[in-house]
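**Student:** Before anything else, here's the structure in question.
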Amino acid sequence: MGKVLLPSVIVEVEGPVVFLAGPIQGAPDWHEEAARILLELDSAFTIASPRALPNEYETFDEAHYRAQVDWETHYLRRAAREGVIMFWLAKEKTHIHERAYAQTSRFEIGEWKERHMRDGAKLVVGIEDGFSGARYVRHRFGQDCPEVPVVSSLREACEAAVRLVPS
């Protein structure tokens, strides 16, 4: 336990998984800090961090794309079964003109909000001040699932995730 998994090789793990969900492209590198905080708080789980190491892919072709998405899907589902999905909605650092900021994360948070309501998947939502659409996300989680912690700092999100990890 207490290890961090990175894309894109899927390995079986024992015990709970905390999946670090949230923007990668155009976002600051928050995943490493989140993993450090989580492991400082508790090491009785595995962390799945979808941010690949720098230069992991020389080119991000279709095969790499599919491997990344399959890896993320596997560990999101694994964390939903035994663990926590922790969203950190970091504000945009670098604008990428070809895509909307956090476009995948916005899809995923809606998907997992619904899975939480249907299946009881454990979620934490952290929203950095300045994230576009924060008011809407807070309002909808407050309406539909007020038991999901919605917090304002990365540390608070990590602390909430640790509290929700099954023993």
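By full-length UniProt numbering, the letter at position 77 of the sequence shown is numbered 77, and the numbering carries on one by one without gaps. Idealized CB from N, CA, C, for every residue including glycine.
1. Counting only the same chain and skipping the five closest in sequence on each side, list residues whose C-beta sits under 7 angstroms from that of Arg-78.
2. Check whether the Cβ atoms of Arg-88 and Trp-30 sit closer than 8 angstroms, and answer yes or no.
3. Span of the beta strand (DSSP E) holding Leu-6?
4. Determine the direct distance from the alpha carbon of Ala-134 to that of Pro-50, and round the result to whole angstroms.
5. In the DSSP assignment, find the unbroken alpha helix (DSSP H) run with Ile-96 in it and report its ends.
6. Is the region 99-114 close to the region 11-26, with three or more CB pairs under 8 angstroms?
**Tutor:** Once the coordinates are examined:
1. Excluding positions up to five away in sequence, the list reads Val-17.
2. Going by the sequence as given, residue 88 is Trp instead of Arg. Cβ distance < 8 angstroms, so Trp-88 and Trp-30 count as in contact.
3. Element bounds for Leu-6: n/a, residue is neither H nor E.
4. When rounded, the distance between both Cα atoms is 22 angstroms.
5. Premise fails: Ile-96 is in no alpha helix (DSSP H) and is neither H nor E.
6. yes
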